[in-house]
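Enquirer: Protein chains in written order, with the numbering used here: chain A, 5 to 769; chain R, 208 to 321.
Below is a structure I'd like to ask you about.
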């Protein structure tokens, strides 16, 4: 249809038709007057014999079949007028819908970020990720990558990346961990990313192990760490103790290829031994690498899967010892790693259910309001039906009004969602290891399209039934009885709406109440006190400290920090995990108490801690003693249990002095601590136990907790300085006031609770 | 609203046929068409005059007639309709099919005489 033309044409046609009808009537009146009829009678008769001029004009226009746009415009204008006249109703409906649409859009933004958003690189949909199978998180070792890369035909380029490499960067006396990635030399060219500054890796820089110490930094790191220094290219920094030269900076929107794990620094795979010390990346038993490839023109992902399986089988045939049964999994390079998909799927489902319920309640609310408003308008409807408006036309108009409401609700909702997303990025801000997460949830065309379609569907959902209902009424009845009558059918509909709404609201209120309560518990903490505690992580292992040397260092750090003014107590936890959570589980048995078949064994979570842990976190010790420096290698193994574990193992007697078998080694119980509900106050107190750091297996990693008199944020720089005084090269990371880290880690409870109680306030029935 | 009692709709297409028939004799404007129909039929056809206009729009769209603005005898601006050759062909088709239909109806209604 030729729109611009027909628009002008149409309004002319319309004017002409109206003029024509008018002149017909005028001619007739003139004729009648000439024939001797009085003017008043002549006018009446002319009109009567002519019939319904408006209707005829309308039918005449309809002949041309192009007036839907016009009708729509008229309906919109009429609807807007109605909304203006009824501001209270409009405001309530728009806000209600906005909350529903906003929540749903926010939910979708996360799902979009998790599963749908492609990498910000050239032709992202041609990229394929290859994971190890059956252990998708185990990845590939370098020789496997080299073999696959040499033999593939389905990819124009295949890159390897280890995107969670701990790289501690020392520059200008400042030591901090970067979220590193160890990547093959062709990584950036396969992705099609162009450097913002400098250059990326050259092919020959990834050919000889340990030779080319070159690194690329992210825009974010360049800005934060190097203050946007224009002379960044060529600068030398120390990465995990080894000097590296920075050769380039990535564009601002590039954060690496692993969803949720932003990278700040990249080094070549030939420097793998710097990036990972757990095993030698060049050997077959050290599988840290994931692969990402760009499909050759015309090739499909299924072909990639077939070829990868074939190559994996060839590898298995050539190396039966290490590679038997190992396959490969080729997936579109979008979304989380296969091992993480369930977690993100669960999170998304929870969000989707909550947001969907909110939206349904909003729809029911507004449908109820509309029903009430339409029964007030039933006179208008009846009148319009009786003067010849057809029902479809009226329904269309009512629906237009609903869609307008939904449209405004959508605009409000999307703005709300943009605001809320800013608040909610902390939702998944840290994982259980304490690493930050990054999700790109900025508005993109998919989210916009989603919210537009959602708004339209919402408008239809809440508008359809009221529209059909309020045009169904018997004409005469409505005109006679005005707005007071209500058909029983409508009563039923309304009753159904109320019942459904109450059911949904109840579910949400109960759910949000539970979450609120637990969030409240969690944020206050039960039997421990996160205030005035500074946290930091020391990783001497990254700079080639042996466990023995690391322990000397560790003791020296504690000694110096304890003598620092303002510091009240210093402690640390070992192995992995956040300082206040468990690191690992122990197989627990009481010798002689029960027949210990393996399946009877009790598995209890625990942590390995240094002396003064209870004092520093203010977890009350109810019996016995704390660990001391005398509890070290060679002395009697000791453990401290919490009250729940003590009650469970020795319901009647005191546990102090008893023997406990942990992982088949005999420990003496020297203390009982309060149940500090450290993880999650929703669950009942869990059995928990502590073992002494100095008696545990040799280790090089520790998470320090330092109780200070004032603001931990103020103390942290002095603490860092003090540690640097012992050894300036030691990586210090995750240095934060505990309350902040704490809030991030419990956000999964509190943020949901924040999201949930919304429906309480805006019930409008 | 309808005090003249029973009103019967015309068969679809009949109004157009009659208008085309009138226009065959020369261009007319809407009011005159309505007056002529009323007079010639001796008020037997109870058509609302306004219903003429949707029919005229339909015919314009089908290009059976063309319209241009002119002046009535009272010097009022009116739209004057003129039949086209397409309209004449249509009229012939309509008339013959209409006659067949009348004939058929007549036979059914008065079976004894057939």
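Yeah, the Cβ is synthetic: ideal placement off N, Cα and C, and Gly gets one too.
#1: Between residue 336 of chain A and residue 316 of chain A, which are expected to be in contact by the criterion C-beta below 8 Å, what is the C-beta distance as a whole number of angstroms?
#2: Do you know offhand how far residue 457 of chain A's Cα is from residue 111 of chain A's?
#3: Residues in the same chain with beta-carbon distance under 6 Å from residue 47 of chain A, minus the five sequence neighbours each way, listed in chain order, please.
#4: Helix, strand or coil for residue 772 of chain A per DSSP?
#5: Please confirm whether residue 15 of chain A has its beta-carbon closer than 8 Å to some beta-carbon of chain R.
#6: CB residue 475 of chain A to CB residue 381 of chain A, shorter than 8 Å?
#7: Taking only beta-carbon positions, decide if residue 256 of chain R is within less than 8 Å of chain A.
#8: Go ahead and pull the three-state DSSP assignment for residue 155 of chain A.
#9: Report yes or no: is there a C-beta of chain A within less than 8 Å of the C-beta of residue 238 of chain R?
#10: Whose C-alpha, out of A:629, A:130 and A:507, is nearest the C-alpha of residue 301 of chain A?
#11: Do you know offhand how far residue 671 of chain A's Cα is from residue 665 of chain A's?
#12: Determine the closest residue to residue 353 of chain A out of A:225, A:722, A:115 and A:410, with distance taken between C-alpha atoms.
#13: Could you check how far apart the C-beta atoms of residue 185 of chain A and residue 207 of chain A are, in whole angstroms? I think they sit under 8 Å.
#14: Would you please verify whether the beta carbon of residue 315 of chain R is less than 8 Å from any beta carbon of chain A?
#15: Taking Cβ positions, are residue 451 of chain A and residue 571 of chain A nearer each other than 8 Å?
#16: With distance defined between alpha-carbon atoms, name the residue in A:260, A:298 and A:328 nearest to residue 442 of chain A.
#17: Please return the same chain residues whose Cβ sits closer than 6 Å to the Cβ of residue 614 of chain A, not counting the five positions on each side in sequence.
#18: Taking contact to mean at least 3 C-beta pairs separated by less than 8 Å, is the stretch 202–221 of chain A in contact with the stretch 287–297 of chain A?
#19: Can you list, in chain order, the residues of its chain with a C-beta nearer than 8 Å to that of residue 230 of chain R? Leave out the 5 residues immediately preceding and following it.
#20: Can you list, in chain order, the residues of its chain with a C-beta nearer than 6 Å to that of residue 250 of chain R? Leave out the 5 residues immediately preceding and following it.
#21: Are the beta-carbon atoms belonging to residue 736 of chain A and residue 180 of chain A less than 8 Å from one another?
#22: Could you tell me the alpha carbon to alpha carbon distance between residue 370 of chain A and residue 466 of chain A, rounded to whole angstroms?
#23: Would you give the residue range spanned by the beta strand (DSSP E) that residue 588 of chain A belongs to?
#24: Which residues, in order along the stretch 63–97 of chain A, keep a beta-carbon less than 9 Å from a beta-carbon of chain R?
#25: If distances are taken between C-alpha atoms only, which option among A:358, A:745, A:165 and A:313 comes closest to residue 279 of chain A?
#26: For the alpha helix (DSSP H) holding residue 231 of chain A, just list the boundary residues, first then last.
#27: Count the other CB atoms within 10 Å of the CB of residue 309 of chain R; is the residue buried (16 or more) or exposed (fewer)?
#28: Quick check: residue 628 of chain A and residue 592 of chain A, are their CB atoms within less than 8 Å of each other?
#29: By the three-class DSSP mapping on this structure, what secondary structure does residue 480 of chain A have?
#30: Which value, in whole angstroms, describes the spacing of the CA atoms of residue 87 of chain A and residue 106 of chain A?
#31: Compare the beta carbon distance of residue 257 of chain R and residue 54 of chain A with 8 Å and say whether it is the shorter of the two.
#32: Can you check which of these residues, A:500, A:454, A:743 and A:561, is closest to residue 533 of chain A by C-alpha distance?
#33: Need the endpoints of the alpha helix (DSSP H) that residue 268 of chain R sits in, please.
#34: Give the interface partners of residue 25 of chain A over in chain R, defined as CB-CB distance under 9 Å, in chain order.
#35: Check this for me: beta carbons of residue 97 of chain A and residue 409 of chain A, under 8 Å apart or not?
#36: Beta carbon of residue 462 of chain A, beta carbon of residue 363 of chain A: below 8 Å?
Expert: On the basis of the supplied data:
#1: In fact, because the Cβ distance is near 19 Å, the residues do not count as touching under 8 Å.
#2: 15 Å
#3: 33
#4: Absent from the structure is residue 772 of chain A, since the part of chain A shown begins at 5 and ends at 769.
#5: Between residue 15 of chain A and chain R, the shortest Cβ-Cβ separation is not below 8 Å.
#6: no
#7: yes
#8: helix
#9: yes
#10: A:130
#11: 6 Å
#12: Relative to the Cα of residue 353 of chain A, the nearest Cα in the group A:225, A:722, A:115 and A:410 belongs to A:115.
#13: Not a contact, Cβ separation roughly 18 Å.
#14: no
#15: no
#16: A:260
#17: 575, 576 and 697
#18: Short answer: they don't touch.
#19: 240, 272, 288, 289, 290 and 294
#20: Excluding residues within five positions, none has a Cβ falling inside 6 Å.
#21: yes
#22: 7 Å
#23: 588–593
#24: 63, 64, 65, 66, 67, 68 and 69
#25: A:165
#26: According to the DSSP assignment, residue 231 of chain A belongs to no alpha helix (DSSP H), since it is labelled neither H nor E.
#27: exposed
#28: no
#29: Confidence at residue 480 of chain A is low in this model, with a pLDDT of 48, below 50, so the placement of that residue is unreliable and no value is reported for it.
#30: 21 Å
#31: yes
#32: A:743
#33: 259–268
#34: 237, 257 and 260
#35: Closer than 8 Å, so yes.
#36: The criterion of a C-beta distance shorter than 8 Å is satisfied by residue 462 of chain A and residue 363 of chain A.
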